[in-house]
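*Asks:*
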Amino acid sequence: MQSVPIRTVMQRVPGALLAAAIALAATTQVAVATETQDTAQLQQELDAARGRLDAAARDIADLSRKLYGDDFAGGPMPPPGGPPRGAMLGINVGGSPDLAEGVEVMGVSPSGPAAAAGLKSGDVIVAIDGKPLRKTGDRAAGRQLVEQMRATQPGQEVKVDYLRDGKKLSTTVTTVAAEPPMARMLREHVPMLEGMQIPPELQEMVHPGGRGFRALELVPITPRLGQYFGTDQGLLVVKAPPAPGPGLEEGDVILSIGGRTPDNPRHAFRILGSYQPGEKVKIEVLRQRKHLAFDVLMPAADPLSPGFRPDPPPPRAPNAPVPPAPPTDTKGGGISS
Amino acid sequence: MPSAIGERPVVERAGTSVPIDTLEAQVQWIDQQISVADGAIDPGSAEQLWRKRVGAMNSLVQLRYVEAQRIDM
Numbered sequence: 005m006q007s008v009p010i011r012t013v014m015q016r017v018p019g020a021l022l023a024a025a026i027a028l029a030a031t032t033q034v035a036v037a038t039e040t041q042d043t044a045q046l047q048q049e050l051d052a053a054r055g056r057l058d059a060a061a062r063d064i065a066d067l068s069r070k071l072y073g074d075d076f077a078g079g080p081m082p083p084p085g086g087p088p089r090g091a092m093l094g095i096n097v098g099g100s101p102d103l104a105e106g107v108e109v110m111g112v113s114p115s116g117p118a119a120a121a122g123l124k125s126g127d128v129i130v131a132i133d134g135k136p137l138r139k140t141g142d143r144a145a146g147r148q149l150v151e152q153m154r155a156t157q158p159g160q161e162v163k164v165d166y167l168r169d170g171k172k173l174s175t176t177v178t179t180v181a182a183e184p185p186m187a188r189m190l191r192e193h194v195p196m197l198e199g200m201q202i203p204p205e206l207q208e209m210v211h212p213g214g215r216g217f218r219a220l221e222l223v224p225i226t227p228r229l230g231q232y233f234g235t236d237q238g239l240l241v242v243k244a245p246p247a248p249g250p251g252l253e254e255g256d257v258i259l260s261i262g263g264r265t266p267d268n269p270r271h272a273f274r275i276l277g278s279y280q281p282g283e284k285v286k287i288e289v290l291r292q293r294k295h296l297a298f299d300v301l302m303p304a305a306d307p308l309s310p311g312f313r314p315d316p317p318p319p320r321a322p323n324a325p326v327p328p329a330p331p332t333d334t335k336g337g338g339i340s341s
Numbered sequence: 050m051p052s053a054i055g056e057r058p059v060v061e062r063a064g065t066s067v068p069i070d071t072l073e074a075q076v077q078w079i080d081q082q083i084s085v086a087d088g089a090i091d092p093g094s095a096e097q098l099w100r101k102r103v104g105a106m107n108s109l110v111q112l113r114y115v116e117a118q119r120i121d122m
């Protein structure tokens, strides 16, 4: 191999390095350009997919509302003599096999008490509060379970012994009223509707999303958030409906709606949904750590819909916005109403 | 199936939360109806209720998915 003087090497190296660097940079630029193009294209595709999903979601929501009404119309009505009595576990035991001992869970109601207690489809409930569920004569174990729950007070805790994969397990279920709150609300608002289809305006009542609140996003105040906002309770408005809307602003902490203190966001939505279009509801909030109360006229339509008439804007905070000061207490005391 | 999607988000949006809440109440209602009426209604009505439950659960799963994705509605 021919030797190359070190000086020559030293002269050639920077050139070689430069050439390599240029080549690398060119390659990198091409790669970056391709990557940027790919990312943009992927982003476009993602946006388009989200758009389709968004449209589908709207359809699902609308159809669900219709389905909600249909179910009340088509399903069997509460037993004669009034509304359902007692409590329920939030399970479905219809059509379960006629076992000598126990009742097989055919379905668990989502977000129901049994689901919260960890019960699953296929579990076999063998005892409630220590009372075994055994078939006696013509009385199926499932019937005994139903009767026992009828004699249970809503909110009462019951011990449930069950079999899963041959193992005996136990859990405690906090029962709820046999009639779901929403069904009860519908029945109490319009008693004559028992057994009839729920009219659209009543369905709308339980769906505030269509009346200006669809975009409302809430989160419960945690102790740390509470220190910042000057309260240990309430619901923080993370996203407010677009103006003209109900007058809520992002950063508001909702303390009460119509004199009722919402326990959680869903509770707040239900309270809002209990008002008729055109009704006024007083909302109390903390805004910039100042106590503020204003009336909201429940809109008849979504602000984005053509028929919507904007409500007068609610009163604003008296002072210019300032960042919340460091907490001196967590109760929100001393704030004027 | 809804439990497979995971916990409900801490931030709740009225546009998705309310229909989900309603559907859950609806399924609970149907479950109660099926359980109480077991053996006392004809198989056709029972099947109809089960079909409605399946439909409601389908809608629920889709809405839970939408909620989990935090898609504007």
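Those sequence lines, one after another, are chains A and D.
Here my numbering is used: the first residue of the first sequence is 5, the next is one more, and so on.
Here my numbering is used: the first residue of the second sequence is 50, the next is one more, and so on.
Here a beta-carbon is modelled for each residue, glycine too, at the ideal position from N, C-alpha and C.
Exposed or buried, which one is D:Ala63 when buried takes at least 16 other CB atoms within 10 Å?
*Replies:* By the 10 Å Cβ count, D:Ala63 comes out buried.
*Asks:* Thinking just about the alpha-carbon of each residue, which of A:Arg291, A:Gln280, A:Phe233 and A:Val223 is nearest to the one in A:His271?
*Replies:* Minimum Cα distance to A:His271 is reached at A:Val223.
*Asks:* For A:Arg168, list the residues DSSP reports as bridge partners.
*Replies:* For A:Arg168, which the question treats as bridged, DSSP gives the partners A:Lys171.
*Asks:* Using the beta-carbon count (16 or more within 10 Å), is A:Arg274 buried or exposed?
*Replies:* The residue is buried, with at least 16 neighbouring Cβ atoms inside 10 Å.
*Asks:* Taking the alpha-carbon of A:Ser278 as reference, which of A:Asp267, A:Gly262, A:Glu288 and A:His295 has the nearest alpha-carbon?
*Replies:* When only C-alpha atoms are compared, the closest one is A:Gly262.
*Asks:* For A:Asp127, which residues in the same chain have their Cβ closer than 6 Å to its Cβ, ignoring the five residues on either side in sequence?
*Replies:* If we look at A:Asp127 and ignore the five residues flanking it on each side, its Cβ neighbours are Val109, Tyr166 and Arg168.
*Asks:* Per DSSP, which one or two residues make a beta bridge with A:Gly282?
*Replies:* Per DSSP, none; premise fails for A:Gly282.
*Asks:* Starting from A:Glu254, follow the beta strand (DSSP E) in both directions and report where the run begins and ends.
*Replies:* First-last for A:Glu254: undefined, no H or E at that position.
*Asks:* Apart from the five residues just before and just after A:Ala144, which ones in its own chain have a Cβ nearer than 6 Å to its Cβ?
*Replies:* Cβ neighbours of A:Ala144 beyond the five flanking positions: Asp102.
*Asks:* With which residues is A:Arg4 paired in a DSSP beta bridge?
*Replies:* Shown here, chain A extends from 5 to 341; a query on residue 4 of chain A therefore has no answer.
*Asks:* Pick from A:Val112, A:Lys135, A:Gln160 and A:Lys294: whose alpha carbon is nearest that of A:Tyr4?
*Replies:* Outside the shown range of chain A (5 to 341) lies residue 4 of chain A, about which nothing can therefore be said.
*Asks:* Just verifying my parser: in three-state terms, what is the DSSP assignment at A:Asp133?
*Replies:* Three-state DSSP puts A:Asp133 in coil, outside helix and strand.
*Asks:* Using a C-beta cutoff of 8 Å, does D:Gly64 count as contacting chain A?
*Replies:* Closer than 8 Å: yes.
*Asks:* Are the beta-carbon atoms of A:Asn96 and D:Ile90 separated by less than 8 Å?
*Replies:* Contact flag unset, no.
*Asks:* Measuring straight from C-alpha to C-alpha, what distance separates D:Val115 and A:Ser113?
*Replies:* Rounded to the nearest angstrom, the two C-alpha atoms are 20 Å apart.
*Asks:* Which bits of chain D does A:Arg168 rub up against, with CB to CB less than 8 Å?
*Replies:* The premise fails here: A:Arg168 is roughly 16 Å from chain D at the closest Cβ pair, so nothing lies under 8 Å.
*Asks:* Can you give me, in chain order, the residues of the stretch 85–106 of chain A that have a beta carbon less than 8 Å from any beta carbon in chain D?
*Replies:* Listed in sequence order: Pro88, Met92, Gly94, Ile95, Asn96, Val97, Gly98, Gly99 and Ser100.
*Asks:* Would you mind telling me which residues of chain D sit closer than 8 Å to A:Gly238, beta carbon to beta carbon, in chain order?
*Replies:* In chain order: nothing, as chain D lies at least about 14 Å away.
*Asks:* Within 8 Å (strictly less), CB to CB, does A:Leu301 reach chain D?
*Replies:* So, not an interface residue.
*Asks:* Helix or strand or just coil, what does DSSP make of A:Lys243?
*Replies:* Three-state result, A:Lys243: strand.
*Asks:* Is there a Cβ from chain D that is less than 8 Å from the Cβ of A:Gly78?
*Replies:* For A:Gly78, the pLDDT reaches just 36, beneath the cut-off of 50, and the residue's location in the model is therefore unreliable, leaving the point undetermined.
*Asks:* Ends of the alpha helix (DSSP H) at D:Val76?
*Replies:* Start and end: Ala63 to Ala86.
*Asks:* When we look at the beta-carbon of A:Lys172 and count the other beta-carbons within 10 Å, is it buried (16 or more) or exposed?
*Replies:* Exposed: under 16 other Cβ atoms inside 10 Å.
*Asks:* Sorted by chain position, which residues of the same chain lie with C-beta nearer than 8 Å to A:Gly122's C-beta, five sequence neighbours on each side aside?
*Replies:* These residues qualify, in order along the chain: Thr175.
*Asks:* Is the beta carbon of A:Val180 sitting closer than 8 Å to the one on A:Pro117?
*Replies:* Yes. Within cutoff.
*Asks:* Under 8 Å Cβ-Cβ, which residues of chain D neighbour A:Gly277?
*Replies:* Residues of chain D passing the Cβ test: Val67.
*Asks:* Using a C-beta to C-beta distance shorter than 8 Å, which residues of chain A count as neighbours of D:Ala95?
*Replies:* The contacting residues are Gly98 and Gly99.
*Asks:* Taking 7 Å as the limit between beta carbons, can you name the residues of its chain near A:Ser260, skipping five residues before and five after?
*Replies:* Only Glu288 meet the Cβ criterion.
*Asks:* Per DSSP, which one or two residues make a beta bridge with A:Phe217?
*Replies:* Beta-bridge pairing links A:Phe217 to no other residue.
*Asks:* Might you give, ordered along the chain, the residues of its own chain that have their beta carbon closer than 7 Å to the beta carbon of A:Met92, omitting 5 neighbours on each side?
*Replies:* Result list for A:Met92: Met153, Thr179, Val180 and Ala182, in chain order.
*Asks:* Check D:Arg102 in the structure and name its three-state DSSP category.
*Replies:* Three-state DSSP puts D:Arg102 in a helix.
*Asks:* For A:Asp236 and D:Arg113, I'd like the C-alpha separation in whole angstroms.
*Replies:* Spanning the two alpha carbons is a distance of roughly 29 Å.
*Asks:* Report the rounded CA-to-CA distance for A:Leu229 versus D:Thr65, giving the unit in angstroms.
*Replies:* So the alpha carbons of these two residues sit roughly 24 Å apart.
*Asks:* What does DSSP give as the partner residues of A:Ala181 in its beta bridges?
*Replies:* Looking at the DSSP assignment, A:Ala181 forms a beta bridge with A:Ala91.
*Asks:* How big is the Cα-Cα spacing for A:Val242 and A:Gln292?
*Replies:* Rounded to whole angstroms, A:Val242 to A:Gln292 spans 14 Å at the Cα level.
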